[in-house]
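Protein chains in written order, with our numbering: chain W, 1 to 241; chain E, 242 to 644.
See below:
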């Protein structure tokens, strides 16, 4: 009984610490609620910063279920942790960062954003996962599946297992019939009506290496990646030497 | 008396004509070989320089003049470090790396050195990646995918003018300053009364960087008490074409700065190479024309001089084809010897001029030998064709009448 009581107390303590941390960090709080947080960094809350902040505020309120905003003074000691986390202490101000709950930066703005620009930063879960991987300088293989039971293609597994790529590869899966990902699929030029699984290969800084069928081998993926490393047809380009 | 015996005998009997003809070919070939040789190595030198320089574009404070690219950051003027972040956020196409620098003079072991503050790539690569909101565009232009992991080796600074990571208390030493002070990796040094650890000694690259000490930009700013400023921002573009487009975009993004491409810095040399290249083609046409005319004239004179001889040969059974062959074979012989000698003279001239005038090493190009010999032979034979045919069409009776 004493053991159970200890366990319950420990869990309660951990929960309260997490809650306190979330309360102290507004971005963490919003992330816990599944919202994209718009951090408005400013040096002085002058007219420019106010204009940017007001734009963010109005957009966030319009999309309150998905978005929250937080003004962050970079000279405020209480906000130092947040400033250091994103290393924006020396960036031009004001600066708006859209931060997805998974930590991916979905948008960077230095002037008042339009509604269209704002909506573009409210990304779907799969897109956010891909962006996070790319921002962490990883190769991302997104397996678009027609059913949850579908396995990850063998070529993808082999690619991920290759020592040359193992440390830098992230594999993600998404269901083709997920309505939340419709805009993402449109961006990737994937037709949900086609009902065919496909692997989308992406590489940093944000390059679409290619779309591959499930039968694509590791060799095909590797070849496409190296081909993407070639720059352009400019004969003076050093990457073509 | 064989065919070749006739030719050699005639050459021995008329050495002056032979020498003047040969000289024409040698001089023409030598000039062309020298120009092509120097142009080739000059273009190579410029390409190597562009490659070694790494950065394609320099962003400098307004009013700074660029006399020496390698010392472009020693002007003392500054601009806000914010510009670096603006560049990172701007997601300009073709920008591979950004390298801001701040140079301050200091002393190391009682020796004056330039302490160069550099910003490790890891500190703002993430910021550049934040612009991946426009993801998944088809690979166009020069948005190259980074296939391999970034090289974390500090010696990257020597080759690509960037370094992936550098701690606030770490320094990198140029090869010259390291050998002058006897310092190695792992040693401790004091700069501005602050203790640093030497992380690595850079390989020699033959620029002013060999004599510099590199530390974290923010550390240098703090020690020099100059605030959040830099002297120069080097931007590594993907291609020369991209660099040209970047100039305009950078001018709009950072008004009040001076944007210079490396091509502009080496513009003089590039222009000279281009000029020499074009002139060499012009010289080729002119010299070939002059040589052809000279050879044709000499051959016509030779035909006139040998009318009786030709008439005699034809009278005793030499065919027009034989007579034509005599002159053409002699022309080919002149062309081959003259081409070879011209190649030798031209190469020697190129090696001398290259080192004396252009300050670069020039070495022989074997391929040019074949081109010179072949070209001289063809021109010589072509120029001699008409006089040879005229000789072949001579009437022996008319020749004998002149006796």
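Just so you know, even glycine gets a beta-carbon here, dropped at the ideal spot from N, CA and C.
State the DSSP-derived secondary structure class of residue i, mapped to helix, strand or coil.
{"i": "residue 249 of chain E", "result": "helix"}
{"i": "residue 404 of chain E", "result": "coil"}
{"i": "residue 353 of chain E", "result": "strand"}
{"i": "residue 499 of chain E", "result": "strand"}
{"i": "residue 361 of chain E", "result": "coil"}
{"i": "residue 190 of chain W", "result": "coil"}
{"i": "residue 211 of chain W", "result": "strand"}
{"i": "residue 255 of chain E", "result": "coil"}
{"i": "residue 267 of chain E", "result": "helix"}
{"i": "residue 390 of chain E", "result": "Note that residue 390 of chain E scores a pLDDT of 49, beneath 50, so its modelled location is shaky; the value from the coordinates is reported in the next line. The answer is coil: DSSP assigns residue 390 of chain E none of H, G, I, E or B."}
{"i": "residue 73 of chain W", "result": "strand"}
{"i": "residue 80 of chain W", "result": "helix"}
{"i": "residue 105 of chain W", "result": "strand"}
{"i": "residue 515 of chain E", "result": "helix"}
{"i": "residue 316 of chain E", "result": "coil"}
{"i": "residue 478 of chain E", "result": "strand"}
{"i": "residue 468 of chain E", "result": "coil"}
{"i": "residue 203 of chain W", "result": "strand"}
{"i": "residue 278 of chain E", "result": "helix"}
{"i": "residue 215 of chain E", "result": "Here chain E covers residues 242 to 644 and nothing more, so residue 215 of chain E does not appear."}
{"i": "residue 614 of chain E", "result": "helix"}
{"i": "residue 457 of chain E", "result": "strand"}
Just the chain E side, please: which residues come within less than 7 angstroms of residue i by C-beta, in chain order?
{"i": "residue 43 of chain W", "result": "Correct list: empty, because the minimum Cβ distance to chain E is about 10 angstroms."}
With distances taken from CA atoms, which of the options is nearest residue i?
{"i": "residue 531 of chain E", "options": "E/617, E/259 and E/324", "result": "E/617"}
{"i": "residue 192 of chain W", "options": "W/174, W/137, W/108 and W/202", "result": "W/174"}
{"i": "residue 93 of chain W", "options": "W/51, W/63 and W/197", "result": "W/51"}
{"i": "residue 351 of chain E", "options": "E/286, E/418 and E/322", "result": "E/418"}
{"i": "residue 176 of chain W", "options": "W/149, W/57 and W/30", "result": "W/149"}
{"i": "residue 86 of chain W", "options": "W/126, W/145 and W/38", "result": "W/38"}
{"i": "residue 151 of chain W", "options": "W/95, W/26, W/199 and W/67", "result": "W/199"}
{"i": "residue 221 of chain W", "options": "W/42, W/113, W/169 and W/188", "result": "W/169"}
{"i": "residue 298 of chain E", "options": "E/478, E/548, E/361 and E/630", "result": "E/478"}
{"i": "residue 183 of chain W", "options": "W/166, W/225, W/126 and W/99", "result": "W/126"}
{"i": "residue 316 of chain E", "options": "E/336, E/346, E/429 and E/270", "result": "E/346"}
{"i": "residue 348 of chain E", "options": "E/269, E/434 and E/272", "result": "E/434"}
{"i": "residue 257 of chain E", "options": "E/526, E/455, E/540 and E/621", "result": "E/540"}
On the CB-based measure, 16 or more other CB atoms within 10 Å of its CB, does residue i come out buried or exposed?
{"i": "residue 579 of chain E", "result": "buried"}
{"i": "residue 638 of chain E", "result": "exposed"}
{"i": "residue 162 of chain W", "result": "exposed"}
{"i": "residue 283 of chain E", "result": "buried"}
{"i": "residue 145 of chain W", "result": "buried"}
{"i": "residue 81 of chain W", "result": "exposed"}
{"i": "residue 362 of chain E", "result": "buried"}
{"i": "residue 450 of chain E", "result": "buried"}
{"i": "residue 74 of chain W", "result": "buried"}
{"i": "residue 371 of chain E", "result": "buried"}
{"i": "residue 98 of chain W", "result": "buried"}
Using a Cβ-Cβ distance cut-off of 8 angstroms, determine whether residue i contacts chain W.
{"i": "residue 457 of chain E", "result": "no"}
{"i": "residue 433 of chain E", "result": "no"}
{"i": "residue 568 of chain E", "result": "no"}
{"i": "residue 524 of chain E", "result": "no"}
{"i": "residue 541 of chain E", "result": "no"}
{"i": "residue 330 of chain E", "result": "yes"}
{"i": "residue 380 of chain E", "result": "Confidence is the limiting factor: at residue 380 of chain E the pLDDT is only 37, short of 50, which leaves the residue's position unreliable and the question unanswerable from this model."}
Say whether chain E places a C-beta atom closer than 8 angstroms to the C-beta of residue i.
{"i": "residue 90 of chain W", "result": "yes"}
{"i": "residue 105 of chain W", "result": "yes"}
{"i": "residue 108 of chain W", "result": "yes"}
{"i": "residue 112 of chain W", "result": "no"}
{"i": "residue 269 of chain W", "result": "Past the boundaries of the shown model lies residue 269 of chain W; chain W is included only from 1 to 241, so the question cannot be answered."}
{"i": "residue 205 of chain W", "result": "yes"}
{"i": "residue 221 of chain W", "result": "no"}
Just the chain W side, please: which residues come within less than 9 angstroms of residue i by C-beta, in chain order?
{"i": "residue 285 of chain E", "result": "Ordered by position in chain W, no residue passes the 9 angstroms Cβ test against residue 285 of chain E, which lies about 13 angstroms from the chain."}
{"i": "residue 364 of chain E", "result": "87"}
Mind listing the chain W neighbours of residue i? Cutoff is C-beta to C-beta under 8 angstroms, in chain order.
{"i": "residue 323 of chain E", "result": "90, 91 and 92"}
{"i": "residue 244 of chain E", "result": "By Cβ distance, chain W contributes nothing, its closest Cβ being about 50 angstroms from residue 244 of chain E, past 8 angstroms."}
Which residues in chain W have a C-beta closer than 7 angstroms to the C-beta of residue i? List them in chain order.
{"i": "residue 327 of chain E", "result": "92"}
{"i": "residue 282 of chain E", "result": "Within chain W, no residue comes near residue 282 of chain E; the closest Cβ sits about 18 angstroms away, beyond 7 angstroms."}
{"i": "residue 469 of chain E", "result": "90"}
{"i": "residue 611 of chain E", "result": "Those within 7 angstroms of residue 611 of chain E in chain W number zero; the least Cβ separation is about 26 angstroms."}
Between residue i and chain A, is the shortest Cβ-Cβ distance under 8 angstroms, so that the two count as touching?
{"i": "residue 526 of chain E", "result": "Structure shown: chain A not included; protein chains present are W and E."}
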